[in-house]
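Novice: In order, the protein sequences belong to chains A, B and C. Residue numbers 1 to 439, in the working numbering, belong to the letters of the first sequence in order. Residue numbers 1001 to 1475, in the working numbering, belong to the letters of the second sequence in order. Residue numbers 2001 to 2478, in the working numbering, belong to the letters of the third sequence in order. Ideal Cβ placement from N, Cα and C applies to all residues, glycine included.
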Amino acid sequence: MDIPILFYLIIVPVASALLALIAPQRLRAATAVAGCTVTLALTLALFSVPRYFSVPWAGTQWAFRLDAIAGFLLVATAIVSVLVVLYCIKQRENADYCYTFFPFLLVSLALINGALISDNLTMMLFFWEGLLIPLFGMIATAHKDAYKTAVKAFIIVGVSDLCLMFAIALIEHSAHTLTISQMRIPLDGAGGIAFIFMLVGVIAKVGAIPLHSWMPDAAEETPLALTAFFSGSLARLLGIYVLIRMTTEMFPYVLSSWAGFLIIAAGLATLGYGIVMAPAQKSPKKLLSYISIAVSGFFLVSAGSIFPENPEYAALFLAASTIIIALAFLAAGMKEQLMGTVTAALSIRTRNRAWLGAFHTRMDHRRFDPYELAMAFSGWAAKCAVVVDKFINWIYDGFIPFCAITLSTIVRAFHTGNYAAYIIWSLAGTIAVIVFMIK
Amino acid sequence: MASSLILIPLIAVIIFNLPIMASHKRLPLLFGVVFSLWQAWLALFSAGSLWGNPVFPLPLLSGMHLQVTHLTLVMYLAIAIAAGSALVICWYTLEDGNKRFDVINLILLAIAGMNGVVSVTDLFTLYVFIEVVSIASFILIALHKDGDALEGSMKYILMSAIATLMMLSAIALFMMTTGSTAFGEIAHALRTQPDSLLRGTAVGLFLGGVFIKSGSVPFHGWLPDAYASAPAGVSVLLAGIVTKTTGIYTLIRLVTAVFGFSAHLQTLLLAIGALSIVVGALAALTQTDIKRMLAYSSISQMGYIVIGLGTGTTIGVAGAVFHLLNHAIFKTQLFANAAAVEEQTGTRNMDALGGLAEKMPVTGITSIIGFLSMAGVPPLSGFWSKLIIIIALWLSGYRWYALIAVAASVLTLAYMLSLQRRVFFGKLAAGFENLKEAELGIVLPAVILAAISIIAGIAFPFVLHRLILPIAAGW
Amino acid sequence: MNTQSLLLAAVFFPIIGSCVVPLAGWISPRLRNGFSLACVLSSLCSAVCLLPSVFAGDITSVSYSLPLGFNFILTADCLSVFMAITASLIGSIIVFYSWGYINHYKNQHEYYFLVTLFLGSMMGIVFSGNLIFLYVFWEVTALASWRLIGFFREKSYVIRADKAFMITMFGAVMMLMGFITLFQQTGSFDLANIKNALGTTPAANLAVLLILMGILSKSATLPFHTWLPDAGVAPAPVTALLHAAVLVKIGVYVYARLFIATMPIALPWHTIIPVVAGASALISAGAALIETDLKRIIAYSTISQIGFIFLGLSTGSEIGIAGGLMYILMHGIAKGGLFLCAGIVEQNMHEKNITKLGGLFRTMPITAIAFLLCSLSVMGIPPLGGFFSKHMVISGAIAGGHPVIAFVFLVGAFLTILYLLRVFTMVFLGDPQTPTAEEGSPTMVISVSVLAMLSVAGGLYINYISTPIEYIVKQMVR
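See below:
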């Protein structure tokens, strides 16, 4: 049978997952590395040419589409997977966990790839909702009582997936097609309700208010690899990707309409919440997850405002930032290993400062530069990449780069012209954070 | 041929009671069983021509003409089945040799009487044969001469006497106004002069007597006591066929062939039928004695037959007759089971029993078949007759009566399930560890009857074609 | 073998075989077990052999005219063959499971006799082409389930069995009244004649109401659902049969056969029935969340999912009907698996209360994973089979013009996730409240694994199921 090349993006990780399940423990890591690397190679090879493929299955057309947007994100996904696998092999603390983690990781990789290249809503839902099973498995196998967190995550994300199912049913009824690239649904009546329900689905995956609560708990209970792989990076990637598709293709998107307002409001709320909660955390893992939440908020704002106009650049930005954030988390994890367990006896600020200080010293030896070089071909994107990088660093170094970001957001807002209220909000948020940090 | 069915048992009784036959005590039983089998075979498989002219005079008793209709054939079958089983069960449940002998002879007498009831063509002869059967029944009920039996027998005699009085008065009135008691002539007279008050009164009186005999509500008070206190085998006979022949058959025959369906009569029949169904079922729910419960359920099933008759349509009457036949089968069988239980455990109190199916599997299984047939669960025969009655009711427009009938079906199921639960289907009650199955003579009739229920249910087209539909067509 | 004999074999081999089962049992228990499985498998094989002809569009029929319109007619079309395969497939697995389960208890001859009779009558129902014989087989299943629910003969169990028999019989006689009303309207009990006589006029509302009472009582939908959770006292394979795979599917099958494939019904019913189904789904889901008896929870779950199937069938849109039919298959497999797992847990732990269980994952891993996979299918999570069916049902509800009812079912689906996860975590994860027991016997474990794998396969190979089902729907609504 002539299997289209796009299928391999799904088949290869699944096959490696099955191999990893049956392989003896020593070989498991090798299988996982091999699987991720092959996928990476595949995504890079497929990157340049847009492809489209469609096959009827179970009553609808299962359409696969690989364009620039999906392409960037596929590459990012593969890279993050490789990094996480390498991290897991390198650090020896949670070896047992990692052995069950690899099959789940590979399956998730397959599912995320599938969701990224779907052009049919039912198909996308299949892959999106299918992530529930590996998510549950990855959290529940962490330690004996982790299943409670796994259940919480399953319920929150599962319910949002049900809302997504409902939205897709509404869309099918009003648009009479399920092909994403061919849809144009007006935002009133049924279309509007569908939009809201899809947004609910996106919010839970991304980790925005009010469906974010699974993320800090999951981060706390499980080893860092999971947060780095999923909740901190790829979940957000998937969610924002769908949001991009929603705003660019599915619903004709007007920034000033209530839909835009909704997205940006959610984003700002999340951003503010993450920023406020992050420094208050005692545990470094939770700190990281709240940072991730804040970043998600930021992306929501961007997705509501800037991304619809330049989806390819948006994708690139998203891809780059995901990789960087994943790397940052992994680096934090490595550091933690090197420094030993953080004791609770230290006070928050001094402890954070000490930790941050140590991290900063190590930071210079991390291999960030190749990424910056790779992204430099697009000046805008590179600036964004640097900006994001610095956005993470501000917590370690200070708030000045953060002001730069806010300023650039403000500048862009002025550019598109509509944002008086939002600017005031960003400023307010910034001031709040500055005040907090000074304290 | 019809006359021989009456004469042969009579003569046999006389012969068996001669002194020279004193040593052959088993002979009446064998004779009885063989005769019943022969009668059943005749009813099922004989060609119509065997019955010769439809009306012929009986030798030695001039003035008495016999007619064998399709209804008569069904009744022959029912009588053969029920009485035959009763014979066998009586033999095996009574220990005293003399009593056994007397009982068998009395039953043979009753068979002769019933065969007569179902084949005569005039009221007076009908009355005579009914009395023959009733007298045999009185003696049978009071056989053990204990307090309960005597009381039951007394109640039966009392109510019977009232019924007899009513019937005799009616006969007298008919003689007065019509000059004859033959069915044909009375029917003719009623048709041509429908407004005669005296004749109407006569009809009412006779019907009243028949209702008492059949145990329909509100004249049913004697029935539970009579059934429950009689010895086991006698209850089988009573419930299986006596009440049916003297009561219900008479009703059907008279209403269809003689009195005719008037609107008043139909309403009366429907009302009494519905009342009997409901009262019987409700009363059965609260019983603790197996035989009393079965007695009340008989009242209930009689109601179905009466209500089927009350529709006034051919299909309704056919259904009623089918149900009568089925009732003979399943009620006889259930009483046979009760006899087995009473014989082995010594009690009829359901609260003291439990889980007997573990030790008495054959009785348990056959009781399930019997009760399912009674509740009208397919594929047993009782279902088809109930279905036909309900279809007849619904299609004639008597929808509320149909709903009452089906609701009572669920009630029937309820009390039968309660009987099953308390007696057979459960954990073995204390004290019954050494229980054994009843002996072959009691169990075999139950098995055969259960088999008949199943076969008649599955082969219902055969039953319908041969026995039931001709009634509808002929009427 | 021509199709008519296949049809007759599918129905009569198990029914007549069931009568032979006790005889086989007297010779040897293993012969009896094997023979019983062979009877059910023969139905499955006959139904599968009928597939090519029915999907080519031929309808096979066997009919005998009997008096009074009670004609004996068997008809094999796509819908019947689909239901027959579903029922006999799951039935076969359940009989196989019984080998390991029931040999600890008494009255085994009766058990195998009843189970085989039950499955044979189910075949009779799905292939029946005459209303009266539909009723006959319907009541035979009620009778078999009465004996099976009260199988262990404890007094409270028998009372529950009696209650179940009475409720379903009440519904059944009401349905019989409905059949007679239809007879009054069309002059026949035969489905084919009724279809021709009615044409496009809707069936009399009284008939529809009465028949619905029967359907709702058999399929345990509000307000006739109370017998189903109580019937959990039956042996586990029986509850799997009753509650999951076969008995409750009788009602939905008859709904599909009568009100979609044979006669049109008045428009208000297309709103009333989804509302009733929605109420049933919500209330039973709520009850499942509070219950602590393992089998009762799964039974309430069945009531809830049956509401879902009714939603699919009753909204009048083709995609909804297809989703409903697909869910009949998927739910039967998954729910059967759940009950059989519950049976393993119950038999080895002798404990039914989930608050007293826990931590069984360690000692019963296969059962736990099978339970998890089957629950995921019921919840509707991809890639398991239940996902596609739920999606199609919700799409169908919206396409049929009932978005609010679809939303109600969404809430129901949410509750499903909640209570199933609750059961799984309380029974298999966490700390053991009672000392844990080892895994079930091999036949039992193989059965639940097969069902779990079928749930997964149903999702991955969904195309091979949805294409025939679309064909079935087209044939039904023609």
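#1: Please decide whether Ile2194 of chain C counts as near chain B, where near means a Cβ-Cβ distance under 9 angstroms.
#2: Can you list the residues of chain B that Arg2153 of chain C reaches, using a CB-CB cut of under 7 angstroms?
#3: Does DSSP put Arg2478 of chain C in a helix, in a strand, or in coil?
#4: Please classify Val12 of chain A as buried or exposed, where buried requires at least 16 other C-beta atoms within 10 Å of its C-beta.
#5: Leaving out the 5 sequence neighbours to the left and right, which residues in its chain are closer than 6 angstroms to Ala1271 of chain B when beta-carbon positions are compared?
#6: Measuring alpha carbon to alpha carbon, tell me which residue in C:Ile2215, C:Ile2321, C:Arg2030 and C:Asn2130 is nearest Ile2194 of chain C.
#7: Between the Cα of Ser174 of chain A and those of C:Gly2400, C:Phe2152 and C:Ala2368, spot the shortest distance and give me the residue it belongs to.
#8: Would you mind telling me which residues of chain A sit closer than 9 angstroms to Ala1999 of chain C, beta carbon to beta carbon, in chain order?
#9: Please say whether Gly1247 of chain B and Ala1086 of chain B have beta carbons closer to each other than 9 angstroms?
#10: Beta-carbon within less than 6 angstroms of Tyr2157 of chain C's beta-carbon, same chain only, minus the 5 sequence neighbours each way: which residues are those?
#11: Is it buried or exposed for Tyr2255 of chain C, if we count other Cβ within 10 angstroms and need 16 for buried?
#12: Compare the C-alpha of Leu1380 of chain B against each of B:Tyr1401, B:Ala1459, B:Gly1426 and B:Val1321 and name the closest.
#13: Excluding five sequence neighbours on each side, which residues of the same chain lie with their C-beta closer than 7 angstroms to the C-beta of Phe377 of chain A?
#14: Output the distance between the C-alpha atoms of Leu2006 of chain C and Thr2060 of chain C, rounded to the nearest integer angstrom.
#15: What whole-angstrom Cβ distance do Ala1295 of chain B and Pro1224 of chain B have, given they're in contact under 8 angstroms?
#16: I'd like to know whether the C-beta atoms of Thr149 of chain A and Thr100 of chain A end up nearer to each other than 9 angstroms.
#17: Suppose the cutoff is 7 angstroms on Cβ atoms and the five residues either side in sequence are ignored; what does the same chain contact list for Ile2265 of chain C look like?
#18: Does the segment 2422–2432 of chain C touch the segment 185–201 of chain A, meaning 3 or more C-beta pairs lie closer than 8 angstroms?
#19: Buried or exposed, going by whether 16 or more other CB atoms sit within 10 Å of the CB of Pro223 of chain A?
#20: Would you identify the three-state DSSP class for Val200 of chain A, choosing helix, strand or coil?
#21: What are the boundary residues of the beta strand (DSSP E) that Arg65 of chain A is part of?
#22: Since Ser2088 of chain C is in the alpha helix (DSSP H), which residue starts that stretch and which ends it?
#23: Have a look at the DSSP bridge pairing and note the partners of Ser2284 of chain C.
#24: Using a Cβ-Cβ distance cut-off of 9 angstroms, determine whether His1065 of chain B contacts chain C.
#25: Helix, strand or coil, according to DSSP, for Ala1402 of chain B in the structure here?
#26: By alpha-carbon positions, which one of B:Thr1069, B:Leu1268 and B:Asp1351 ends up nearest to Ala1430 of chain B?
#27: Taking buried to mean at least 16 other C-beta atoms within 10 Å of its own C-beta, is Ala2026 of chain C buried or exposed?
#28: Per DSSP, Trp57 of chain A forms a beta bridge with which residues?
#29: Please identify, using Cβ separations under 7 angstroms, the residues of the segment 153–166 of chain A that lie next to chain C, in order along the chain.
#30: If Thr2524 of chain C sits next to Val2011 of chain C, beta carbons under 8 angstroms apart, how far is it from one beta carbon to the other, in whole angstroms?
#31: Decide if His2391 of chain C is buried, meaning its Cβ has at least 16 other Cβ atoms within 10 Å, or exposed.
#32: By Cβ distance below 7 angstroms, which residues in the same chain neighbour Tyr2471 of chain C in space, the five residues on each side in sequence not counted?
#33: To be precise: take each residue of the segment 2404–2417 of chain C, compare its Cβ to all Cβ atoms of chain A, and keep it if any distance is under 8 angstroms. Which residues remain?
#34: Run down chain C in chain order and give the residues with a C-beta less than 8 angstroms from the C-beta of Ser1409 of chain B.
#35: Within its chain, find whatever has a CB closer than 6 angstroms to the CB of Ile2462 of chain C; leave out the 5 residues flanking it on each side and keep chain order.
#36: Could you tell me if Thr1192 of chain B is buried or exposed, where buried requires 16 or more neighbouring beta carbons within 10 angstroms of its beta carbon?
Specialist: This is what the structure gives:
#1: no
#2: Gly1355, Phe1425, Gly1426 and Lys1427
#3: coil
#4: In summary, Val12 of chain A is buried, with 16 or more beta-carbon neighbours lying within 10 Å of its beta-carbon over all protein chains present.
#5: none
#6: C:Asn2130
#7: That would be C:Gly2400, whose Cα lies nearest to the Cα of Ser174 of chain A.
#8: Only positions 2001 to 2478 of chain C appear in this structure, which leaves residue 1999 of chain C out of reach.
#9: Cβ atoms of Ala1086 of chain B and Gly1247 of chain B: not closer than 9 angstroms.
#10: Gly2150 and Val2233
#11: Burial call: buried.
#12: B:Ala1459
#13: Since pLDDT at Phe377 of chain A reaches only 34, below the 50 mark, its modelled position is unreliable, and the value read off the structure follows with that caveat. If we look at Phe377 of chain A and ignore the five residues flanking it on each side, it has no Cβ neighbours.
#14: 10 angstroms
#15: 4 angstroms
#16: no
#17: Pro2202, Ala2203, Val2208 and Phe2259
#18: no
#19: buried
#20: helix
#21: Thr60 to Leu66 is the extent of the beta strand (DSSP E) around Arg65 of chain A.
#22: Cys2078 to Tyr2101
#23: For Ser2284 of chain C, which the question treats as bridged, DSSP gives no partner whatsoever.
#24: no
#25: helix
#26: When each option's Cα is compared against that of Ala1430 of chain B, the closest is B:Asp1351.
#27: As written in the sequence, residue 2026 of chain C is Trp, which differs from the Ala given in the question. By the 10 Å Cβ count, Trp2026 of chain C comes out exposed.
#28: A:Thr60
#29: Phe154, Ile155, Gly158, Val159, Leu162, Met165 and Phe166
#30: Absent from the structure is residue 2524 of chain C, since the part of chain C shown begins at 2001 and ends at 2478.
#31: buried
#32: Phe2055 and Cys2078
#33: Ala2406, Phe2407, Leu2410, Ala2413, Phe2414 and Ile2417
#34: Met2169 and Val2173
#35: Phe2388
#36: exposed
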